[in-house]
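Line by line, the protein sequences give chains A and B.
Going by the working numbering, the first residue of the first sequence is number 10, and it counts up by one from there.
Going by the working numbering, the first residue of the second sequence is number 1435, and it counts up by one from there.
Ideal Cβ placement from N, Cα and C applies to all residues, glycine included.
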Amino acid sequence: MQRSTSRWLGGCAIAATAALALSACGSGSGFSSGDDTTGGSTGGATSTANLTSSDSPLTVMIGSSGDAETTAVKKAVADWSASSGTKASVVAATDLNQQLAQGFAAKKPADVFYLSTDALAGYASNGSLLPYGDLLQNKADFYPSLVSSFTYQGQLYCAPKDFSTLQLVIRDDDWKAAGLTDADYPKTWDDLESVAKKLTTGKTVGLSTNGEYARIGSFMVQAGGNLMNDDSTQATADSDANVQALTFVKKLLDEGVYKYAKEGLGEGDGGQALGSGKAAMTIEGNWVTGELKNDFPDVKYTVVPLPSGPAGQGTLQFSNCWGIAKDSPNQAAALKLVEQLTSTDDQLAFSKAFGVMPSIQSAADAWKQDNPALVPFLDAAAYAKGVPTAKGAADVVADFNSQLTNLAKSDPKTILDSVQKNLEALGQ
Amino acid sequence: MTTTAPALRPRRRGGIHRGEAASGWLFTAPMLVLLGLFLVVPVLMALWVSVSDWNGNGSPFASGVSFVGTDNYRAILAGGGLAEQDFGTALRNNAWYVVLVVPLQTALSLYLAVLVNRRMLRGRGFFRTAFYFPSVTSSVAITVLWLFLFSASGAVNQVLSWFGVHGPNWFSDPSGIIHDALEPLGVEQGPAALTQHGFLGVSWWDWVGGPSVAMTAFILMAIFTTSGTFMLVFLAALQNLSSEVTEAAMVDGANGWQRFWRITLPQLRPTLFTVLTLGLIGGWQIFDQIYTGTQGGPAKTTLSPAYLSYQTAFTNQQWGQGAAIAFVLFVIIVAFTLLQRWVLRERGVPRRKRFGPVAPGPATPGATPVTPATAPEVTR
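What follows is the structure, encoded as structure tokens:
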């Protein structure tokens, strides 16, 4: 037994040596190609002349919400391909983060791809992205708050694809049953509390959302706070405004007029809680319209602006952008494609297909005409704040979310202090 | 196999056995190359990543990547920050999972194997297939099924409601089951000794809190799915046992219970080792259930080190830390396997010596010198 073990180890050592030799060869080639690209373009793209250009076809990788989105993007890309003469194909990723990471590590990334605010800082800091923002012809047309969400260390890295905001969604039947009218739509936190109380009955709770920063954070903005400042350069989690917001949320939870959709009602999110009749109000984004149309076609609802907090109106916004890989052999064509995909026509087409809001201001009027009931969502662009985009912030937000699950039993100040500590650690 | 060839060498050098070693290596070469290429190289690369500052762009061996020593390990083991706390949480979750899953699934699979091994049982084939069925179904499919069964208004809660039990909201309930059990006794906050101090950023009070309700659902699922596989392993071993020993015990007057504990089980020790080891390794590596089911939620209580490693690397771009987590996990698994090997080590030899001369009496069936069918299963 002893002897056979040592022999086995010997064999292993030989295999390992061989493997090392092999990996050394492998690293040789990786080494040189890595050197070329980093040497080639360090400062980012300052003019279109510096962009790579070739006949290579483009690959567009998207993290799709479903068939409607995939089809719409495929059609838009095919149209561009036909008019520009550059071949392009669309890949709907099953796991966008993983597939992107694989491409970057192999130096063969997709040319154009969806990029979330969470992932931006990571990929920007490791040199995977082409910071092409300044080259965009329609740069001035994008909403300023979206531009700041995709700016990393002073450079706009990518064109905002579209965006969503949160507003208050009300179930009409419950509203009427509680004897409320259009004049009662909540304008302040006190209003919200009182209508939530009136709407809470034996089987329906007044307000329900998921217990996470991406919903509850809207109260923090209304109080004048947020987890980080607008540029995501400074942690502001432990501000008095945030404490005030969480204290208000905790009060609603304690009174039983606000429940988390998952933990409290056993529903997937606020939209489902509203659709199933377990909640009379929810705070959701414009995607909720598609969800309600598919799952609860008979439910009537109204979208109104969220109430103003101590610091006035406020809500959160979410967005993705069109990233372009620095290693793309055909950056010039990729830039042209992105300009087309963010044009008014294409964005309105996407909006029809899967309910997003256009990221450019010139498309706003057309969108409002098409979607009169959803106007509050787009109006929020004026006062909405983005989520933190600092590198590693997504982790801190995930931790914040897990603490929010226990908000009813915890102290808001303690939670926010720990978030502040974690956010400050990111900068080091 | 070919490994016996070198063992023979010292005795017979030359003759027709000359060159056996060379051909031995030749025959094993394809496998060694494959293992080297797909196992050893990736492992070594990952080891390098775990001590480097590779950021995910280009090759980890490119010029810009530098050696950072134990920085990544320090961040997850003693950093004092979120990384350490997450790793501690993941270890806590997984430790409870292993503590509950491994013994339960081993006991259940052994029980099932003994059950379907009985010659009297009618429809043995049916039961064997039925018990094995969950094991052949893909874990993703089972996870989805589980999410439905254990949803707030799912089948499990319906059944519980027949008995007047208000079932928990399984996959959304982050409370630890031991904490839950203590709550009716008036213990809502742990003693300061436990809450103020901790290990890996997690307080002792949280370490002893037990698996969350959500994790408990995963624990039930693991027991449900893997028991069939291990039942098969036990069944094969049971059928390999000679009936003479058992018959001798029957002649000696041992009842069914004694026969199982003193005759059958000791003979199954090698199999038991295999099952426990495989269970332990599988238990520390849970990933697909988490990935498809909960992504670590609610409140991080189903986070496992394997999933955390994936998330740290692919989502957060902290490749070094992700690889470091994987290696710490590797060390944990090896340590537990060695420990288990030591616990289950063969202690037969001295006993046999004692048994030999004194043997005559029919007395203790427990002292039966059982070390027959050892080798084949263990060495695989």
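- Using a Cβ-Cβ cut-off of 8 Å, F113 of chain A is close to G1490, N1491, G1492 of chain B, given in chain order.
- K170 of chain A and F327 of chain A have their C-alpha atoms spaced approximately 11 Å apart.
- Here A1758 of chain B is buried, its C-beta having at least 16 other C-beta atoms within 10 Å.
- A149 of chain A counts as exposed, since fewer than 16 other beta carbons sit within 10 angstroms of its beta carbon.
- Just so you know, the alpha carbons of S1646 of chain B and F363 of chain A end up roughly 37 Å apart.
- Pairing L139 of chain A with Q162 of chain A, the inter-Cα distance amounts to about 14 Å.
- Excluding the 5 residues flanking it on each side, L1675 of chain B has same chain C-beta neighbours closer than 6 Å at Q1701, in chain order.
- Looking at A:K309, A:S427, A:F386, the one whose alpha-carbon comes closest to that of D182 of chain A is A:K309.
- If you look at E293 of chain A, you'll find it in the beta strand (DSSP E) that goes 288-294.
- Residue pairing by DSSP places C330 of chain A opposite A:L124, A:P169 in a beta bridge.
- When the Cα atoms are used, Q1673 of chain B and L1706 of chain B turn out to be separated by approximately 15 Å.
- In terms of Cα proximity to G226 of chain A, the closest of A:F113, A:Q322, A:P118 is A:Q322.
- Within the region 1596-1681 of chain B, there are no complete beta strand (DSSP E) runs of at least 3 residues.
- For P1732 of chain B, the C-beta contacts it makes with chain A under 8 Å involve K271, E272, S411, T414, in order along the chain.
- It is roughly 20 Å from the alpha-carbon of G1632 of chain B to the alpha-carbon of L1616 of chain B.
- Taking a contact as a CB-CB distance under 8 Å, the pair T414 of chain A and P1608 of chain B counts as one, their CB atoms being some 6 Å apart.
- For K394 of chain A, the uninterrupted beta strand (DSSP E) segment begins and ends at 393-395.
- Chain A has no Cβ within less than 8 Å of the Cβ of A1651 of chain B.
- Here the alpha carbons of L1549 of chain B and L1555 of chain B stand approximately 8 Å from one another.
- In this structure the region 1561-1581 of chain B does not lie against the region 1742-1752 of chain B, because fewer than three pairs of beta carbons, one per stretch, are closer than 8 Å.
- Judged by their CB atoms, I1697 of chain B and L1538 of chain B are not nearer to each other than the 8 Å cut-off.
- If only complete runs of 4 or more residues are kept, the region 1701-1768 of chain B shows the alpha helix (DSSP H) at 1703-1718, 1722-1727, 1739-1744, in order along the chain.
- The C-beta separation of T1771 of chain B from L1714 of chain B comes to about 6 Å, placing the pair in contact by the 8 Å criterion.
- Distance from the CA atom of N1527 of chain B to the CA atom of T1736 of chain B, rounded to whole angstroms, is 6 Å.
- Near chain A, meaning a CB-to-CB distance below 9 Å, no residue of the region 1674-1686 of chain B qualifies.
- Here Y152 of chain A carries a coil assignment [DSSP, helix/strand/coil].
- Between D1487 of chain B and G1754 of chain B, the C-beta gap is smaller than 8 Å, which places the two residues in contact.
- Contact holds between the region 370-390 of chain A and the region 350-357 of chain A, because three or more Cβ pairs, one in each stretch, are under 8 Å apart.
- A direct Cα-Cα distance of roughly 20 Å separates Y1725 of chain B from E276 of chain A.
- Ranked by how close their Cα comes to the Cα of G94 of chain A, the residues A:T398, A:K345, A:N251 have A:K345 in first place.
- Three or more Cβ pairs closer than 8 Å define a contact, and the region 1568-1577 of chain B falls short of that threshold against the region 1677-1691 of chain B.
- Following the DSSP letters along the chain, one finds M70 of chain A in no alpha helix (DSSP H) but inside the beta strand (DSSP E) bounded by residues 67-71.
- Positions of the alpha helix (DSSP H) runs, each at least 4 residues long and wholly inside the region 333-393 of chain A, are given as 340-350, 353-363, 373-379, 384-388 in order along the chain.
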